[in-house]
Structure formats: structure tokens, C-alpha cells
Amino acid sequence: MEEKELVQSAQKGDKESFGVLVEKYRNKMFYLAYGMTNNRETADDLAQEVFIKAYRALPRFSFKAKFSTWLYRIAINTIKDFHRKEAGVERVNFNNRTEVPVEKNFTDKDEKQEKLKIIRENIKKLPEKHRIILTLRDVQGKSYSEIADILHIAPGTVDSRLFRARKKLRKAMAPYLKLFRRES
Amino acid sequence: MKCKKAEKLIVKYLDRALQPDEKELFLNHLKECPLCRKKQEEYKNILGMLGEQEFPEPKPYFWVRLKPKLKRDRGYESWQAWKKWGLRAIPISLLILVLLASLVTVFVPSETKELSRAEVLLQNQNPFVDFLPLLEEGRIENENIHLIFTSINGENGTRRYFP
């Protein structure tokens with residue numbers, strides 16, 4: 026069955042058709058949430074919430090956009106809501122944390138893990154809109170036009186926002202990149 | 064080309080989104096500018112790391128856990144039902160109302176408006192017109208009594224006192 030047929034069937038209340046759609050997009054929603062939260066438990070909860078909201082709103086889906094785009098919009102809004110609720114806790118936990126790169130010798134084994142950990146930490150420090158666009162483009166591999174559709178912004182804005190996000194990340198990562206270069 | 068402009072093009076170049084003419088200019092700049100080459104290397108590393116990220120899998124039995132939580136929006140469903148039936152009911156109920164109103168106007172006599180005395184006088188009517196039948200009745204009764212007394216007086220001639 027094609028995706029459109031599955032959506033139409035799910036709109037009529039067929040949970041099994043919706044189940045097929047869930048299987049198809051489960052990982053994408055989970056990875057998006059994980060990229061934004063860095064927590065498996067939270068990402069799993071958020072991914073579940075995305076599908077619950079999607080199922081509720083499905084009768085209103087009018088095929089004006091692609092189903093995946095619509096689902097991503099729900100996911101982005103769910104994640105934003107989560108961050109808004111957690112804002113107070115985040116402020117207490119992370120705002121005063123300034124991590125200084127420590128010169129240490131990386132072994133081949135854990136160097137990659139260490140790099141990924143550092144990049145995740147630095148992504149976490151970026152403003153939310155930059156985190157979202159980086160995750161959509163550089164982690165999920167979405168095209169510029171898809172990102173524009175998902176975020177309801179002009180393609181030119183995608184271009185400039187993505188550039189700013191990457192520039193900020195490069196600046197934040199610069200000391201670590203020097204370290205990695207020295208090691209290799 | 065200035066380095067500021069070149070930095071924007073580095074990101075586009077790595078996304079393979081550069082126009083051919085822009086690409087040529089950019090590559091020429093890159094050959095001459097070691098700073099931009101360094102920046103390009105840094106961007107390349109970062110984008111590589113972003114793509115290399117390994118994510119854990121979602122917790123097992125995702126669908127099994129999700130299925131019982133799926134419920135339709137009741138509010139929305141009732142709105143849908145209202146949209147389907149309620150909107151059709153509006154013209155029908157309006158038609159019924161119009162019919163009822165026309166029946167009422169045809170079969171129920173309209174109430175006569177009670178005028179105030181001033182209005183009656185202005186219309187040059189007798190203000191005691193309502194009381195005329197009563198007065199008429201009283202007048203007939205008085206006449207009857209008068210006749211009775213007259214006849215009594217006529218029979219006896221004079222009235223006598225009987226203690």
C-alpha cells in the first residue's frame with residue numbers, strides 16, 4: 026500500500042495502517058528528538074508523543090504538504106514545547122557550565138567517541154533554532170526546500186540560518202579541532 | 064573575493080549547492096587564501112562528525128507501547144459530526160420556523176390594542192364607549208322600576224302608611 030493510501034486509511038481510524046507509518050518514521054522522529062535532547066529516554070517519550078499528536082490530528086491532514094513534512098512539523102513543535110517546559114531546569118543545570126578543553130591524549134579507540142561527545146555538547150549550547158536546522162540538514166540530511174517547508178521559512182532564510190548555525194558551531198569547536206589535529 | 068563572502072561559499076560548496084560561476088570564483092580564492100583553506104578544513108571536519116553521529120535505537124516495543132495511547136480527538140470528532148449534520152439542520156430548522164410563524168399569523172387573531180383615554184379623545188371617540196352597554200342595561204332597569212312605581216301609584220291613588 027502506498028503512503029497516501031496508508032494515511033487515508035489511518036484517517037478513517039485504521040490503527041494498523043497508522044502502525045505501518047509509525048514503523049516507517051519511528052527512527053527518524055526518535056533521532057530528531059535525540060539530536061535535540063541527547064537523552065534516549067526523553068527522545069523515546071517525545072517520539073511517542075509526536076505519533077500520539079499526529080494520530081489525533083490526522084483527520085485534519087489535507088495532503089497540502091507531504092506526510093513526512095507534516096510529521097516533522099509536529100515533531101519540531103513537540104520538541105520546542107518540551108524545551109519550553111524544561112527551560113527552568115536547563116537554566117539551573119547547564120547555564121553556568123563552561124567546559125574548558127583539556128589537553129589529553131586520545132587513544133584511537135576512544136577518539137571518535139570523544140569527538141562525537143564534544144560535538145554533541147557544543148550543539149546543545151547552540152540556540153534552539155540553530156540546533157533544529159543543523160539536525161535537519163546535517164544529521165537527517167533534509168534538503169533546503171524540505172527544511173523550508175518544515176519550518177515555514179523562506180529558502181533564503183534556511184540558507185542564512187544554516188550558515189550562522191554552522192559558523193557558531195565551528196567557533197565553539199575550534200579549540201577542540203586544534204587538539205584533534207595535534208593528536209592526529 | 065573577500066574572505067567573509069568566501070566563508071559563506073565554503074558551506075554551500077560542502078553542500079554541493081554552488082552555482083558553476085560561483086564555484087570557479089570560490090576555488091580561485093581558496094587557492095590563494097590559506098585562512099579560508101583552514102576554515103574549509105574545519106567545516107569539513109565538523110560536517111563529517113555530524114554525519115558520523117551514532118544514535119541509539121528507540122526503546123523496544125515502540126508500536127506495542129504506542130498503540131493503546133492512540134485516541135482520536137473527541138472534540139474534533141464532535142465538531143465533524145456537527146459539521147456534517149448540524150450545518151444541514153440549519154436551513155431545515157429555519158424553514159420550519161418560517162412555516163410556524165406564517166401559520167401563527169394566519170390562524171391566531173391579532174390582539175386589539177388598548178388605547179389610552181387621551182388617545183381615544185384625540186381620535187374623537189366617546190371615552191365611555193366601553194361602558195355604554197352597562198349604562199344601557201342600567202337605564203332599562205331604571206325605566207322598569209320607574210314603571211312599576213308608576214303603576215303602583217296609579218292603582219292606589221295615594222300612598223298610605225301601614226304601621
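Chains as they are written, first to last, in this note's numbering: chain A, 26 to 209; chain B, 64 to 226.
Ideal placement from N, C-alpha and C gives every residue a C-beta, glycine not left out.
Check: Mapping DSSP to helix, strand and coil, what is B:Y124?; Outcome: coil
Check: Who are the neighbours of B:R128 on chain A, taking C-beta pairs under 8 Å?; Outcome: Q73
Check: Quick one: residues in its chain with C-beta nearer than 6 Å to the C-beta of A:K167, no 5 flanking neighbours on either side, listed in chain order?; Outcome: L161
Check: Which two residues bound the contiguous alpha helix (DSSP H) that contains B:K134?; Outcome: Segment: none, B:K134 is in no alpha helix (DSSP H) and carries neither H nor E.
Check: From B:L109 to A:R195, what distance separates their C-alpha atoms?; Outcome: One detail in the question is off: residue 109 of chain B reads as Ile in this sequence, not Leu. Cα-Cα distance, rounded: 7 Å.
Check: Using a cut-off of 8 Å between C-beta atoms, extract the partners of B:I109 located in chain A.; Outcome: I144, R191, L194, R195, M198, L202
Check: Alpha carbons only, please: which of A:N63, A:K53, A:P200, A:F88 is nearest the one belonging to A:E28?; Outcome: A:F88
Check: A:F119 by DSSP, collapsed to three states: which one?; Outcome: Unreliable placement is indicated for A:F119, whose pLDDT of 45 sits below 50; the coordinate value is still reported in the next sentence. It is helical.
Check: Could you check whether the Cβ of B:D78 sits closer than 9 Å to any Cβ belonging to chain A?; Outcome: yes
Check: Taking Cβ-Cβ distances shorter than 7 Å, what residues in chain A pair up with B:Q116?; Outcome: L141, V164
Check: Consult DSSP for A:P152 and reduce its assignment to one of helix, strand or coil.; Outcome: coil
Check: What span of residues does the alpha helix (DSSP H) with B:N108 cover, start to end?; Outcome: 97 to 115
Check: Taking only the alpha-carbon atoms, compute the straight-line gap between B:E117 and A:A79 and give it to the nearest angstrom.; Outcome: 27 Å
Check: So with CB distances below 8 Å, who are the chain B contacts of A:V47?; Outcome: F125, W126, L129
Check: What three-state label does DSSP hand B:P83 in the structure shown?; Outcome: helix
Check: Can you check whether the CB of A:I77 is closer than 9 Å to the CB of B:K132?; Outcome: yes
Check: Taking Cβ-Cβ distances below 7 Å as the criterion, which residues of the stretch 54 to 67 of chain A are in contact with chain B?; Outcome: F55, Y56, Y59, R65
Check: What residue range does the alpha helix (DSSP H) around B:T168 cover?; Outcome: 150 to 170
Check: For A:K192, name the three-state secondary structure that DSSP assigns.; Outcome: helix
Check: Please list, in chain order, the chain B residues whose beta carbon lies closer than 9 Å to that of A:L159.; Outcome: L113
Check: Using a Cβ-Cβ cutoff of less than 7 Å, which residues in the same chain neighbour A:I104 once the five nearest sequence positions on both sides are dropped?; Outcome: A58, M61, L71
Check: Return yes when the Cβ of A:R189 is within less than 9 Å of the Cβ of A:H211, no when it is not.; Outcome: Missing from the structure shown is residue 211 of chain A; chain A here goes from 26 to 209 and no further.
Check: At least one CB of chain B closer than 9 Å to the CB of A:N120: is that the case?; Outcome: The pLDDT assigned to A:N120 is 45, lower than 50, so where the model puts this residue is not dependable; a value taken from the coordinates is nonetheless given after this. It does not: the Cβ of A:N120 has no partner Cβ on chain B nearer than 9 Å.
Check: Starting from A:Q33 and walking both ways along the alpha helix (DSSP H), at which residues does that stretch end?; Outcome: 28 to 36
Check: So that I know if they touch, is there some Cβ in chain A lying closer than 9 Å to that of B:K98?; Outcome: At residue 98 of chain B the sequence reads Leu, which differs from the Lys that was named. No - not a single Cβ of chain A is within 9 Å of the one on B:L98.
Check: Using the beta-carbon count (16 or more within 10 Å), is B:P97 buried or exposed?; Outcome: exposed
Check: Between B:P172 and chain A, is the shortest Cβ-Cβ distance under 9 Å, so that the two count as touching?; Outcome: no
Check: Give me the Cα-Cα distance between A:K142 and B:R79, rounded to the nearest whole angstrom.; Outcome: 27 Å
Check: Compare the beta carbon distance of A:T94 and A:E171 with 9 Å and say whether it is the shorter of the two.; Outcome: yes
Check: So A:I175 packs on A:Y97, CB below 8 Å; how close in whole Å?; Outcome: 4 Å
Check: Going by DSSP in three states, A:S168 sits in which element: helix, strand or coil?; Outcome: coil
Check: Is the beta carbon of A:V164 sitting closer than 9 Å to the one on B:G111?; Outcome: no
Check: With a threshold of 9 Å between beta carbons, is A:I77 in contact with chain B?; Outcome: yes
Check: By alpha-carbon positions, which one of A:P200, A:I101, A:F43, A:M198 ends up nearest to A:P84?; Outcome: A:F43
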